[in-house]
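First residue of the sequence shown? That's 1 in full-length UniProt numbering, and the numbers climb one at a time after it.
The structure appears below as structure tokens.
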Amino acid sequence: MPEHRVITFVENGQETDTRLHYLYAVNSEHDYDDLWLYNSRYGEHLRPWYLSIGGDPFGNPIVLALKGPNHGKVFFSDHEVPFDVGLHVIAPSFEAFLAGLTAE
């Protein structure tokens, strides 16, 4: 897990932030942070070609676009509104997402 966990992004024209609670792992020994298990159980609310790669403490997914016009971008997804409405760009790539995490 990265030491820096603050995620900053723009929501409704205003800068906001949240904390990275989990980054999911491939073949994790725990159910709560396994990438494939999480997406097979809870990924039905995501659109095709979006993969949940982590989450914040409030249950909002951090998603990666795997294909299409948003390919490679990382998004914050507000789970309290429809997917298309609650999707906010965090970073243009996974590398930029990791580099953009800041300390609390």
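Glycine is no exception: its CB is placed at the ideal position from the N, C-alpha and C atoms.
Here the C-alpha atom of Ile62 lies approximately 19 Å from the C-alpha atom of His30.
Judged by pairs of C-beta atoms under 8 Å, the stretch 8–19 does not touch the stretch 35–48, as fewer than three such pairs exist. Runs of the alpha helix (DSSP H) lying entirely within the stretch 5–63 and spanning at least 4 residues, in chain order: 35–42.
Across the structure, Tyr24 and Pro82 are spaced so that their CA atoms are roughly 23 Å apart. Under the criterion of beta carbons closer than 8 Å, Gly72 and Pro92 qualify as touching, at roughly 7 Å.
Boundaries of the beta strand (DSSP E) harbouring Ala91: Leu87 to Ala91, taken from the DSSP string.
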